[in-house]
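K.L.:
In order, the protein sequences belong to chains U, H, X and L.
The opening position of the first sequence corresponds to residue 1 in full-length UniProt numbering, with each subsequent residue numbered one higher.
The opening position of the second sequence corresponds to residue 1 in full-length UniProt numbering, with each subsequent residue numbered one higher.
The opening position of the third sequence corresponds to residue 1 in full-length UniProt numbering, with each subsequent residue numbered one higher.
The opening position of the fourth sequence corresponds to residue 1 in full-length UniProt numbering, with each subsequent residue numbered one higher.
The beta carbon of each residue, even a glycine, is placed where N, CA and C say it ideally should be.
Handing you this structure, nothing more for now.
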Amino acid sequence: MSTTTELTLRAQEMVPAPDIEYGQLAPVLIVIGAAVVGVLFEAFLPRRARYAAQALLAGLALASAFAAVVGLAATGRATTEAGLVAMGALAVDGPALFLQGVILLVSLVAVLTFAERRLDPRAHGRHVDSFAAEGAAVPGGEGEKAAVRAGFTTTEVYPLLLFAVGGMLVFPAANDLLTLFIALEVFSLPLYVLCALARRKRLMSQEAALKYFLLGAFSSAFLLFGIALMYGYAGSVKYAEIASVVADTNRGTTEALAGTTGNDVLLLVGGALLVMGLLFKVGAVPFHMWTPDVYQGAPTPVTGFMAAATKVAAFGALLRLLYVVLPGLTWDWRPVMWGVAIVSMLVGAVIAITQTDVKRLLAYSSIAHAGFILAGVIAATPSGISSVLFYLAAYSFVTLGAFAVVTLVRDAGGEATHLSKWAGLGRRSPLVAAVFAIFLLAFAGIPMTSGFAGKFAVFKAAAEGGAGALVVVGVIASAIAAFFYIRVIVLMFFSEPKVEGPSVAVPSPLTTTAIAVGVAVTLVLGVAPQYFLDLASQAGVFVR
Amino acid sequence: MSFPLLTAVAALPAIGAVATAAVPAARRTAAKWLALAVSLATLVLAAVVAFRFDPGGDRYQLTESHAWIADFGVRYELGVDGIGVALIALTALLVPFVVLAGWHDADPLEGRTPDRRWRPTQGFFALILAVEAMVIISFAATDVFLFYVFFEAMLIPMYFLIGGFGDRAGARDEDEAAKQRSYAAVKFLLYNLAGGLIMLAAVIGLYAVTADQLGEGTFSLQAIVEARQSGELAMAQNTERLLFLGFFLAFAVKAPLWPLHTWLPNAMGESTAPVAVLITAVVDKVGTFAMLRFCLGLFPEASAWATPVVLVLALVSIIYGALLAIGQRDIKRLIAYASISHFGFIILGIFAMTSQGQGGATLYMVNHGISTAALMLVAGFLISRRGSRLIADYGGVQKVAPVLAGTFLIGGLATLSLPGLAPFVSEFLVLVGTFTRYPAAGIVATFGIVLAALYVLVLYQRTMTGPVRPEVERMPDLRKRELAVVAPLIVLLVFLGVFPKPLTDIVNPAVEHTLSDVQKTDPDPEVEAAK
Amino acid sequence: MNPVNYLYLAALLFTIGASGVLLRRNAIVVFMSVELMLNAANLALVAFSRLHGNLDGQIIAFFTMVVAAAEVVVGLAIIVTIFRSRHSASVDDASLMKL
Amino acid sequence: METLIGLLVAAPLLGAAVLLCGGRRLDRTGHWIGTALAAASFVLGAVLFADMLGREAEDRTLSQHVFSWIPVGGFQADVAFRLDQLSMTFVLLITGVGTLIHVYSIGYMEHDERRRRFFGYLNLFLAAMLLLVLADNYLLLYAGWEGVGLASYLLIGFWQHKPSAATAAKKAFIVNRVGDIGLSIAIMIMFTTFGTFAFSPVLESVGETSEGTATAIGLMLLLAACGKSAQVPLQSWLGDAMEGPTPVSALIHAATMVTAGVYLIVRSGAIFDAAPAAQTAVVTVGAVTLLFGAIVGCAKDDIKKALAGSTMSQIGYMVLAAGLGPIGYAFAIMHLVTHGFFKAGLFLGAGSVMHGMNDEVDMRRYGGLRKYMPITFATFGLGYLAIIGFPGLSGFFSKDKIIEAAFAKGGTEGWILGGAALLGAAITAFYMTRVMLMTFFGEERWRNAPTPSPKEPSVEPAAETRGEYEVPHPHESPRSMTIPMIVLAFGSVFAGGLFSWGEAFVHWLEPVVPFEHGHPPVSALTVTSATVVALLIGVGAAWLQYGRKPVPAVAPRGSLLTRAARRDLLQDDFNHVVLVKPGEYLTRGLVYLDHKVVDGAVNGTAAAVGGLSGRSRRIQNGYARSYAVSMFGGAAILVAATLLMRAV
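Listed below in structure tokens is the structure:
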């Protein structure tokens with residue numbers, strides 16, 4: 001008795017329990033917790049009940065996490081009460097909460113598209129969704145046929161989605177390099193798996209997963225090496241401490257530090273590799289090459305989710321890294337980022353012109369958009385931060401909506417993503433074509449859409465931040481980009497429909513809702529963006 | 001707070017557009033009547049605006065100002081000066097005719113079962129009304145950003161009008177026609193979008209400059225002009241010039257000014273006549289209007305700096321457009337090139353920086369709108385009868401359809417600026433206004449009037465006179481609906497040609513303000529003649 | 001102890017790993033090369049940890065190992081599936097999507 | 001009284017509006033409405049004339065400000081009229097001859113289904129012409145100027161189904177437009193120099209500006225006058241304009257519109273007085289044209305074209321006179337009025353002949369018509385005598401004064417001009433005698449079917465050449481046509497004498513048109529005698545060629561000069577080679593340029609971006625390892641760039 005209490009007491013003395021602000025971590029905890037529950041569901045629920053239970057669980061978890069984010073923001077955690085939690089591993093501040101909110105909303109909408117089961121024709125009398133009946137089965141093999149016959153579904157996608165979301169929530173809030181790395185892996189690994197799970201065109205899906213995985217792992221190795229060098233330079237992985245070392249405030253407090261801080265190469269190379277790891281995730285040139293293939297191969301709901309949420313999370317992390325850790329190096333990273341932004345804008349826009357597949361087209365478009373957002377990042381001003389936040393919010397909904405529309409246009413082989421098949425869509429399904437046109441116009445940055453407001457915001461920030469030339473390049477790239485968005489619109493509205501053309505599936509309310517949300521956000525942010533701009537600018541301060 | 005009249009003028013067609021689009025597929029005719037009613041109601045409201053406007057009053061009247069996007073320094077600011085009133089009136093005036101002239105342009109093709117969901121007729125008229133709304137807002141906006149938004153946004157409905165509702169005359173080979181049409185639409189959009197995006201860079205630059213110097217970025221035209229005049233805002237020379245170029249380029253594409261004009265013949269040639277009217281008579285006017293209001297108002301020094309080059313380009317446009325019009329084989333393309341020539345005159349007048357030049361340019365915008373509408377719509381009626389746009393396919397129409405030929409001739413005479421018809425007044429003012437400051441430019445421009453006579457009369461001769469060709473023998477004369485379109489336009493042409501004073505009274509004070517923006521006064525005559 | 005030598009070694013390993021990724025066709029080998037790169041980073045971390053006299057680096061190294069294990073799980077799963085469908089583990093064979 | 005001036009213009013304008021917009025229901029009454037309104041205008045003119053006579057010579061100018069037309073800044077254009085002796089003269093001529101020709105047209109156009117429209121156009125012409133002469137400023141004059149051009153265009157091309165008519169109409173309008181450039185520029189210079197373009201202030205202060213400016217204005221006005229009055233080098237349209245119905249040729253292309261240039265020059269006398277160089281240009285143009293027109297007139301077989309050449313030549317006289325300054329102005333106007341009478345009479349006569357000859361215009365297909373059309377013959381004959389300047393008739397007085405004034409110009413210039421004018425008189429006598437002889441005398445060549453000319457086959461073979469020749473039955477025209485001819489014949493006979501009685505006309509005009517007696521180097525009698533001699537030579541020569549021996553029914557090949565003159569002295573060929581062809585090439589070239597270069601640049605850019613895109617997308621080759629290479633390379637560049645930044 002006494003020994004145990006004594007032991008406990010001593011243990012408490014020796015290992016002080018960390019202070020964990022569970023309340024402020026609620027969004028992450030809810031999502032990860034739900035993911036774990038989801039895994040248990042897979043283990044214990046009967047097959048028939050899993051779909052409903054998983055979808056509901058995911059939806060509820062994301063909604064309540066979003067409520068938690070709102071709650072935190074309402075109590076001033078985004079502004080006056082911002083601070084570090086979990087022993088300084090995570091920041092709860094404006095950008096973090098804003099981006100977490102965006103990620104959660106996007107994921108919530110993505111869950112709707114994940115759960116859609118009316119698009120594919122029924123298999124053996126059962127509704128099927130976009131995911132493989134059994135991911136491990138050989139495509140077209142006996143195993144797969146049996147799985148389809150048995151009505152198997154890969155309901156694991158919901159927990160996987162939740163894990164990814166959990167990682168994404170942490171990623172922009174990570175306040176030390178270790179957390180950053182772990183968060184990256186936590187959201188990347190489920191995505192690799194999700195990519196491989198398409199019901200149709202499975203070979204492409206698996207190839208996408210393989211490419212994404214190998215290149216993702218490759219890039220995280222760079223990131224990790226960058227972390228190592230950074231740690232070597234500053235002797236710490238905490239953002240604030242690295243920042244103060246970089247800014248010379250406590251240089252030489254220890255002998256070791258005096259040795260390493262004298263060697264800026266460590267810092268510069270480490271910083272460059274770190275940034276590279278993040279640029280890979282945002283899909284900036286020249287780290288973009290995975291994007292078209294993965295976007296094309298992955299199941300479209302996953303593509304939509306990945307394109308929207310990953311970009312938000314990765315840019316959040318990039319912003320924090322550049323603004324919190326490396327402000328002292330602004331003069332070093334700015335020119336480099338200029339270059340990356342310019343080539344991203346131009347390469348994305350130019351290569352997209354000759355694309356023939358809608359999903360690849362949107363992939364290249366996302367590369368160009370990464371360039372535009374980088375223009376806002378480069379501004380290195382508070383308005384730069386808020387403009388990026390706004391752009392991310394605007395862009396993610398447009399992307400999600402666009403990919404949701406892509407899921408609707410189908411022919412015998414599943415989704416008809418080849419552009420030639422979209423000819424005359426406007427005649428057959430004016431509404432679907434019109435909605436897609438709205439998304440395309442938003443991508444193109446036509447006024448009255450969120451894309452314009454976002455583009456204006458980042459370009460304005462860039463111009464104010466002295467990057468006028470970047471604005472000019474951005475404008476040129478926009479003009480080039482306009483060409484291919486317009487091309488799709490021409491195809492949809494002004495071409496005669498093909499006789500054997502695809503049909504537009506009538507979706508369930510799930511996808512309809514997702515698309516409707518996309519349209520609504522696109523138009524509201526386009527016409528009356530002020531409230532959200534306010535939100536973004538209030539949220540535009542990092543805690544250090 | 002008074003009734004937001006300007007918002008109402010723009011909102012009415014916007015609401016009308018939504019309502020028209022919502023008319024069920026089977027009720028096509030109802031949609032047409034709805035669109036016509038809305039456009040007429042808009043005309044009434046525009047007339048109210050014109051009457052409420054006091055030429056002797058403040059520079060901008062009927063102003064409205066509301067917060068919009070504070071973060072970008074953007075306000076919803078409307079207000080009109082005389083120039084704006086004139087152009088809003090023109091827009092509201094022409095749209096009912098466009099609607100009426102296009103009555104059957106979007107009917108489903110015969111022999112094809114109309115799709116239940118595909119409602120081209122509703123779409124056509126809704127798009128026209130949408131364009132009207134956006135154009136009116138652009139004319140009324142005194143906030144640069146607000147203007148820019150609608151300046152760009154109006155491209156989209158225009159684009160669908162051009163690409164979606166082509167001229168059926170070329171429909172001998174439907175595929176080829178569709179290809180041409182979508183080429184024209186894409187060209188229109190990309191040209192204008194590219195111009196607009198360059199302007200976007202300049203708009204952002206303007207914000208950066210004002211934010212830098214005034215402490216808070218603003219897009220309010222009045223605020224910027226005032227700040228300039230008080231010396232609070234002093235743009236660096238190079239900055240001002242670059243920003244000016246950004247704005248000017250966009251407007252020059254829209255106007256269109258040589259060598260940025262090549263989209264216009266395609267767009268006007270491939271679209272239906274009413275849409276072509278909408279392009280050249282209404283939408284393009286936003287470009288020249290904006291030069292007058294924004295280029296000169298915001299960047300007076302850069303405007304003066306650019307004047308020589310702009311004048312030369314305008315002269316090239318005048319002569320080049322006219323020569324190319326002579327060389328055309330397609331009626332609508334001919335009218336398009338004629339319009340390019342006329343836009344040259346407008347721009348010439350604007351940059352002559354005299355009250356006659358700018359007053360003339362403003363009148364020119366209105367008059368050119370009416371005269372081109374008359375000519376183009378009659379040409380459209382003609383083309384719809386024969387099913388060909390080629391001049392060579394006609395001959396002797398005068399004999400079979402004298403009223404059609406007569407109205408066509410009047411439209412043509414207006415285009416060649418015959419005295420007594422409205423365009424003469426404006427063209428002469430532009431010439432005189434240019435001559436007083438730049439005699440050589442004035443003289444060169446004068447040659448445009450000979451060339452105008454040439455292309456108009458050659459067109460008339462080849463289509464209307466000579467022996468009657470067998471293909472046109474059974475051509476019916478103008479129908480009542482068509483006459484209802486053309487007759488009022490002709491009456492207006494004559495009225496404004498004989499008695500333009502109501503218009504000049506409205507425009508003159510606005511022009512004086514604009515001239516004072518650029519700190520220019522008319523050159524004094526050499527000899528003070530005994531009065 | 002001169003930490004720089006460890007650093008050189010780490011850099012060398014990292015480069016070897018990267019070269020493996022670039023040069024080898026077999027997906028498994030490519031993946032192993034990535035693991036080598038991670039371990040190069042681990043070496044650097046541990047070396048720096050020792051240098052700075054704090055445990056952060058070593059902790060990260062442990063985390064990295066866990067992450068690497070997780071990656072193996074996911075990676076092998078993907079590679080095995082693709083091998084079963086294509087009967088080839090060559091990265092170059094998986095090139096359906098391009099341009 | 002002033003308000004009547006406006007009505008003067010308004011009456012025919014109303015007629016035009018009613019007739020052109022009225023539609024078919026006015027087909028039966030239209031010509032009466034048109035004629036009545038023209039007559040009303042004449043009556044108004046007469047009333048005003050009576051009123052004017054009742055006032056002091058210095059007090060005869062009436063002005064009426066109707067409304068402000070174009071007020072923009074310093075640019076104040078008004079619709080305002082000025083009725084003084086000069087414009088009064090024109091008003092009477094225009095409305096008088098105009099009314100007569102309306103009456104004539106009732107008969108002449110009787111069988112034309114579009115007669116209503118014809119009268120509408122005629123009324124439109126009257127309104128525009130009256131506006132031209134009544135305007136009190138140059139801009140309003142310009143409006144009238146272009147208005148008559150339009151009416152002329154519509155009337156020349158009245159038979160639009162004939163391609164030749166449509167072409168002629170277009171040509172007339174366009175050549176006139178070239179002249180109009182001159183008027184526009186003149187107005188612009190006036191506005192720039194004086195700040196106004198109303199007659200009185202400009203003319204009064206023209207002395208205060210430099211001679212250069214005055215010369216510029218003068219030359220520009222001359223250009224305008226050349227266009228409208230068919231003077232060299234813008235004369236080419238007048239011959240073709242004969243495609244119009246004959247009453248039109250009589251009214252517009254003989255009596256009134258084409259003389260507008262003379263009006264312009266006389267009206268702007270003060271400007272030319274201040275610009276000697278411009279005056280020299282004017283007289284040169286006048287002298288050249290009077291010879292040019294006369295030569296052309298000699299060679300034409302088409303009766304109307306011969307008369308057109310004559311018109312050109314006679315206007316040349318007027319321009320010449322107007323260029324002489326105060327010694328010539330009044331005579332220019334006087335000749336203008338008498339010419340209005342006799343030339344209108346001649347044209348109506350020609351129309352009457354054609355009317356009776358199945359619309360044949362070739363004089364070689366006429367002959368011996370005096371028996372069949374006595375009234376036409378008599379009136380035409382009187383007009384003929386008047387135009388050749390037969391002593392005692394109108395033309396004698398006015399033309400003789402001009403020749404005198406030309407000599408009075410003084411110096412070599414005077415001799416040259418006087419000589420030219422004399423020579424012109426001789427040629428006039430020649431070609432008019434030729435017309436007279438070929439039409440009314442000699443054998444009746446129309447009785448035989450024509451042999452088609454082998455050299456110049458007509459574009460459209462007429463009915464007769466197809467072997468269905470119908471022998472015409474020449475007959476006198478109806479009374480509606482002969483009465484106007486008789487009235488005009490009276491004018492041709494007596495007007496000159498009346499005007500010259502105590503220099504009445506000169507003194508009537510003097511308050512507005514300055515007058516000085518010219519002093520020719522030889523006595524007036526000598527000049528007159530020389531004129532008469534020249535006249536006799538001309539008549540004699542013509543008789544020798546066309547009276548004594550029969551006229552061949554097919555034109556002989558003729559000398560080089562004749563052939564050139566038949567082709568209007570190669571003016572069209574010149575224009576074709578110098579203007580039309582190069583213009584066509586230019587236009588075609590520009591169309592090509594626009595397509596290939598201007599548009600090509602844009603499309604080329606698009607294609608280039610597209611090509612770049614097509615090429616660069618190949619980088620995306622589908623191999624994960626090459627993607628890794630890109631990443632590795634990117635990382636290397638990133639690191640290198642970062643380090644480099646620091647190093648720099």
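With a threshold of 16 other CB atoms inside 10 Å of the CB of H:Pro120, please say whether the residue is buried or exposed.
P.N.:
H:Pro120 comes out buried.
K.L.:
For H:Val225 versus L:Glu208, is the C-beta spacing smaller than 9 angstroms?
P.N.:
No, they are not a contact pair.
K.L.:
Just grab the DSSP bridge partners of residue 733 of chain L for me.
P.N.:
Past the edges of chain L, shown from 1 to 648, lies residue 733 of chain L, and the structure says nothing about it.
K.L.:
I need the DSSP call for U:Lys281, collapsed to helix, strand or coil.
P.N.:
Three-state result, U:Lys281: helix.
K.L.:
Please work out which residues of its chain come closer than 8 angstroms, Cβ to Cβ, to U:Met204, disregarding the five sequence neighbours upstream and downstream, and give them in chain order.
P.N.:
Here the set comprises Ala198, Gln296 and Gly297.
K.L.:
Quick check: the segment 356-375 of chain H against the segment 306-319 of chain H, are there 3 or more CB pairs under 8 angstroms?
P.N.:
With the cut-off at 8 angstroms, the segment 356-375 of chain H and the segment 306-319 of chain H do not touch.
K.L.:
What in chain H is Cβ-close to U:Gln355, meaning under 9 angstroms?
P.N.:
What U:Gln355 touches in chain H: nothing, since even the nearest Cβ is about 17 angstroms away.
K.L.:
Could you check if U:Lys421 is buried or exposed, using at least 16 other CB atoms within 10 Å of its CB as the buried criterion?
P.N.:
With 16 or more other Cβ atoms within 10 Å, it is buried.
K.L.:
Identify the contact partners of X:Thr64 in chain U, using a Cβ-Cβ distance below 7 angstroms as the criterion.
P.N.:
Those within 7 angstroms of X:Thr64 in chain U are Leu224.
K.L.:
How far does the alpha helix (DSSP H) with H:Asp505 in it extend, from its first residue to its last?
P.N.:
Per DSSP, H:Asp505 belongs to the alpha helix (DSSP H) from Lys501 to Asp517.
K.L.:
DSSP state of H:Tyr76, grouped into three classes?
P.N.:
Note: H:Tyr76 maps to strand in three-state DSSP.
K.L.:
Residues of chain L with CB under 7 angstroms from H:Lys399, in chain order?
P.N.:
Under the 7 angstroms cutoff, chain L gives His161.
K.L.:
Could you give the C-beta distance for H:Met291 and H:Ile350, rounded to a whole number, given that I count them as a contact under 8 angstroms?
P.N.:
Indeed, because the Cβ distance is near 5 angstroms, the residues count as touching under 8 angstroms.
K.L.:
Taking the beta strand (DSSP E) that L:Thr379 falls in, what are its first and last residues?
P.N.:
L:Thr379 -> not in any beta strand (DSSP E); alpha helix (DSSP H) instead, spanning Pro374 to Ile388.
K.L.:
Does the segment 1-17 of chain L come close enough to the segment 80-87 of chain X that 3 or more CB-CB pairs lie under 8 angstroms?
P.N.:
No: fewer than three Cβ pairs fall under 8 angstroms.
K.L.:
Output the residue ranges of the alpha helix (DSSP H) runs that lie fully inside the segment 265-314 of chain H and measure 4 residues or longer, sorted by chain position.
P.N.:
Runs of the alpha helix (DSSP H) inside the segment 265-314 of chain H: 273-277 and 284-290.
K.L.:
Counting only runs that start and end within the segment 120-157 of chain H, where is the alpha helix (DSSP H) found for 4 or more residues in a row?
P.N.:
For the segment 120-157 of chain H, whole alpha helix (DSSP H) runs of length 4 or above, ordered along the chain, are 120-140 and 144-153.
K.L.:
Considering just the uninterrupted stretch of the alpha helix (DSSP H) at U:Leu84, what are its terminal residues?
P.N.:
Counting along the chain, U:Leu84 falls outside any alpha helix (DSSP H), though it belongs to the beta strand (DSSP E) covering Gly83 to Val85.
K.L.:
So L:Ile181 and H:Ile449 are supposed to be a Cβ contact under 8 angstroms. How far apart are they, rounded?
P.N.:
Contact holds; Cβ gap of about 7 angstroms.
K.L.:
Kindly indicate if chain U contains any beta-carbon less than 9 angstroms away from that of X:Val29.
P.N.:
Output row for X:Val29: interface = no.
K.L.:
Which residues mark the beginning and the end of the beta strand (DSSP E) in which H:Thr63 is found?
P.N.:
From DSSP, the beta strand (DSSP E) with H:Thr63 extends over Gln61 to Ile69.
K.L.:
Taking DSSP as the reference, what is the three-state secondary structure of L:Glu464?
P.N.:
Unreliable positioning characterises L:Glu464 in this predicted model, as indicated by a pLDDT of 45, which lies under 50. The coordinate reading is nonetheless provided below. It is helical.
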